[in-house]
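**Q**
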Amino acid sequence: MKIGYACLTVGVPNTDLKTCLLKNASDEKLIELIEHNLNVLENMIDYNLKNDINLFRISSSLIPFGSSPVNHFNWWELFDKKLAHIGKKIRQSGMRVSLHPGQYTVLNAIDDDIVKRAIEDLNYHTRLLDSLGVGTEHKIVLHIGGVYNNKNKGKLRFIKNYQGLDKRIKNRLVIENDGKCYTICDVLEIGNYLDIPVIFDVLHHKDNPCKEEKTDAFWIKESKKTWEKKDGNQKIHYSQQNPEKKQGSHSKNIRIDEFMAFYDRLDDKNLDIMLEVKDKNLSAIKCLNCISEDRKIKVLEREWSRYKYAVLERSPLDYLEIRKLLHNKNNYPAIEFYHLIENALQKETTIGNSINVAQHIWGYFRNNALPSEKKYFLKLLDRYEKGEVSIKKVKKNLWKMAVKYEQVYLLESYYYEMV
Numbered sequence: 001m002k003i004g005y006a007c008l009t010v011g012v013p014n015t016d017l018k019t020c021l022l023k024n025a026s027d028e029k030l031i032e033l034i035e036h037n038l039n040v041l042e043n044m045i046d047y048n049l050k051n052d053i054n055l056f057r058i059s060s061s062l063i064p065f066g067s068s069p070v071n072h073f074n075w076w077e078l079f080d081k082k083l084a085h086i087g088k089k090i091r092q093s094g095m096r097v098s099l100h101p102g103q104y105t106v107l108n109a110i111d112d113d114i115v116k117r118a119i120e121d122l123n124y125h126t127r128l129l130d131s132l133g134v135g136t137e138h139k140i141v142l143h144i145g146g147v148y149n150n151k152n153k154g155k156l157r158f159i160k161n162y163q164g165l166d167k168r169i170k171n172r173l174v175i176e177n178d179g180k181c182y183t184i185c186d187v188l189e190i191g192n193y194l195d196i197p198v199i200f201d202v203l204h205h206k207d208n209p210c211k212e213e214k215t216d217a218f219w220i221k222e223s224k225k226t227w228e229k230k231d232g233n234q235k236i237h238y239s240q241q242n243p244e245k246k247q248g249s250h251s252k253n254i255r256i257d258e259f260m261a262f263y264d265r266l267d268d269k270n271l272d273i274m275l276e277v278k279d280k281n282l283s284a285i286k287c288l289n290c291i292s293e294d295r296k297i298k299v300l301e302r303e304w305s306r307y308k309y310a311v312l313e314r315s316p317l318d319y320l321e322i323r324k325l326l327h328n329k330n331n332y333p334a335i336e337f338y339h340l341i342e343n344a345l346q347k348e349t350t351i352g353n354s355i356n357v358a359q360h361i362w363g364y365f366r367n368n369a370l371p372s373e374k375k376y377f378l379k380l381l382d383r384y385e386k387g388e389v390s391i392k393k394v395k396k397n398l399w400k401m402a403v404k405y406e407q408v409y410l411l412e413s414y415y416y417e418m419v
């Protein structure tokens with residue numbers, strides 16, 4: 001089983017994608033952005049491989065304005081060597097990548113111009129995967145689209161427009177149920193008619209279920225029938241409801257007990273699970289660590305080195321409990337470890353705790369920092385304590401210091417992300 005995440009990598013240096021406003025999208029600017037973004041993609045791939053994450057959704061914005069007339073040069077030729085180099089890493093590692101066009105790529109729209117733009121966007125996504133040189137198991141995920149007051153006609157328009165697509169697009173396209181319009185029953189009906197693989201989305205199904213009440217395991221099994229050998233392993237989307245936001249909103253992180261209960265109910269665990277969650281790679285590593293049967297305590301110790309300052313800032317008691325938990329080097333208490341992490345991260349920070357952790361991190365620089373840097377840091381802490389600046393500003397300063405003084409241990413910490 002592969003477990004992965006989508007588009008953005010959290011808490012990893014040099015993984016921020018860039019774009020620009022349409023009015024600034026000159027050829028020179030776009031070339032600069034694409035070069036930057038391809039370097040970022042390679043950094044993401046390298047990070048994933050280092051952490052045994054072999055499922056990844058590449059952001060559609062990798063090539064800024066990829067399907068827009070404003071991007072009129074042949075980026076796939078200009079960057080062919082870089083794309084081939086990244087694609088080779090993906091292929092040789094066994095990683096599986098995908099793309100997921102956004103909400104404005106509507107193949108079943110009533111407006112012909114919208115359909116035309118959707119096809120142009122699908123062409124862009126297909127060209128990107130083709131340029132990486134990856135096989136047809138690397139997919140493009142698409143929703144059916146809108147209902148437009150008549151679902152049956154919406155289905156028929158999708159079928160008609162799909163049939164007119166280039167074969168290269170058809171070989172990569174998979175379809176998914178959504179949370180408002182098309183249920184898994186609707187999507188299976190279309191998928192079976194057109195021979196398109198179907199992705200079952202767990203949270204969308206909760207929000208927009210079929211009239212026929214069946215378990216998730218049942219719909220996963222039904223969806224698997226649409227996947228052929230050339231399509232690769234069956235893939236599903238898994239996410240959890242954010243209890244603080246409107247229905248359908250993805251959670252900040254994957255609650256491990258809820259995930260493990262879902263995992264244990266699966267009849268067939270030979271499938272790939274794409275997590276859709278705000279903390280991205282953090283939850284992917286968490287879930288992989290918890291389903292593993294052969295990982296050792298060193299894996300959790302590495303995770304602890306990333307989480308420890310974020311935990312200490314919120315709960316010194318949980319910090320001590322986790323240290324005790326990891327003391328026995330013969331155990332692998334992954335689920336208990338993440339219980340404590342989750343418990344700590346739900347707590348609010350205090351000014352005292354935040355200052356204590358900031359001072360602790362400053363200790364990494366005290367022998368090298370310039371007097372002016374120390375003076376600025378202490379002034380920032382004083383202003384934070386008085387409520388004049390946020391802790392975010394303090395963390396930004398500490399991040400810059402970690403970069404300047406090449407403190408790799410600190411650069412890999414999640415402390416800066418959790419504000």
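Take the sequence shown: its position 264, counting from 1, is numbered 264 in full-length UniProt numbering, and each next residue is one higher. For every residue, glycine included, the Cβ atom is placed at its ideal position computed from N, Cα and C.
Along the chain, which unbroken stretches of the beta strand (DSSP E) at least 3 residues long are found entirely within the segment 187-231?
**A** 198-201
**Q** Please list, in chain order, all residues of the same chain as N242 whose beta carbon is under 7 Å from its beta carbon, the five residues on each side excluded.
**A** S249, H250, S251 and K252
**Q** Excluding the 5 residues flanking C20 on each side, which residues of the same chain have their C-beta closer than 7 Å to its C-beta?
**A** K29, L33 and P64
**Q** Starting from M401, follow its DSSP beta bridges and name the residues at the other end.
**A** Partner(s): none; M401 has no beta bridge.
**Q** Curious, which full-length beta strand (DSSP E) runs of at least 3 residues does the segment 62-148 contain?
**A** 96-98 and 140-143
**Q** Using beta-carbon positions only, say whether I86 and E35 come within less than 7 Å of one another.
**A** no
**Q** Kindly indicate which three-state DSSP category Y5 falls into: helix, strand or coil?
**A** strand
**Q** Considering only their Cβ atoms, is the gap separating D201 from Q247 smaller than 7 Å?
**A** no
**Q** Looking only at its chain, what residues have a beta carbon closer than 8 Å to the beta carbon of N233, apart from the 5 residues adjacent to it on each side?
**A** K2, R96, E137, W227, N270, L271 and D272
**Q** Quick check on the DSSP output: the beta strand (DSSP E) that includes V174 runs from which residue to which?
**A** L173 to E176
**Q** Out of S390, I199 and N149, which has the shortest C-alpha to C-alpha gap to E176?
**A** I199
**Q** Using the beta-carbon count (16 or more within 10 Å), is K308 buried or exposed?
**A** Using a 10 angstroms sphere on the CB of K308, the tally of other CB atoms reaches 16 or more, which defines it as buried.
**Q** I need the boundaries of the beta strand (DSSP E) containing L55, first residue and last residue.
**A** L55 to R57
**Q** From the DSSP output, read off the bridge partner residues of Y238.
**A** Per DSSP, L275.
**Q** Since S354 is in the alpha helix (DSSP H), which residue starts that stretch and which ends it?
**A** I351 to W362
**Q** Label E385 either buried or exposed according to how many other C-beta atoms from any shown protein chain fall within 10 Å of its C-beta, with 16 as the threshold for buried.
**A** It counts as exposed.
**Q** In three-state DSSP terms, what is H250?
**A** Under the three-state reduction of DSSP output, H250 falls in the strand class.
**Q** Taking just the CA atoms, how far does D294 sit from T215?
**A** Near 30 Å, if we compare the C-alpha coordinates of D294 and T215.
**Q** Exposed or buried, which one is G135 when buried takes at least 16 other CB atoms within 10 Å?
**A** exposed
**Q** Alpha carbon to alpha carbon, what distance is there between N51 and P13?
**A** Rounded to whole angstroms, P13 to N51 spans 15 Å at the Cα level.
**Q** Is there contact here, the segment 344-352 with the segment 304-323, by at least three beta-carbon pairs under 8 Å?
**A** yes
**Q** Quick one: grab the DSSP three-state call for A25.
**A** coil
**Q** Count the C-beta pairs between the segment 119-131 and the segment 100-109 that are closer than 8 Å, then say yes if the count reaches three, no if not.
**A** yes
**Q** Leaving aside the five residues before and after C7 along the sequence, list all residues of the same chain whose C-beta is less than 6 Å from its C-beta, in chain order.
**A** R57 and S59
**Q** With contact counted as at least three CB pairs below 8 Å, one residue from each stretch, are the segment 178-186 and the segment 142-151 in contact?
**A** yes
**Q** Going along the chain, which residues of its own chain have a beta-carbon closer than 6 Å to the beta-carbon of D121, five neighbours each way excluded?
**A** S67, P101 and T105
**Q** Over the uninterrupted alpha helix (DSSP H) stretch that includes S305, give me the two end residues.
**A** I297 to R314
**Q** In three-state DSSP terms, what is R168?
**A** helix
**Q** So for N161, helix, strand or coil by DSSP?
**A** helix
**Q** What do you reckon, is the C-beta of V70 under 6 Å from a heavy atom of the ligand FAD?
**A** In the structure on display, the ligand FAD does not appear, and there are no ligands present to speak of.
**Q** Please check the pair Y263 and I291, which I expect to be a contact at CB under 8 Å, by giving their CB distance rounded to whole angstroms.
**A** 6 Å
**Q** Is it true that the segment 386-399 meets the segment 326-335, where meeting means three or more beta-carbon pairs spaced less than 8 Å apart?
**A** no
**Q** Terminal residues of the continuous alpha helix (DSSP H) containing K286?
**A** N281 to I291
**Q** L275 and A284 look like a contact to me (Cβ under 8 Å); what is the Cβ gap, rounded to whole Å?
**A** 6 Å
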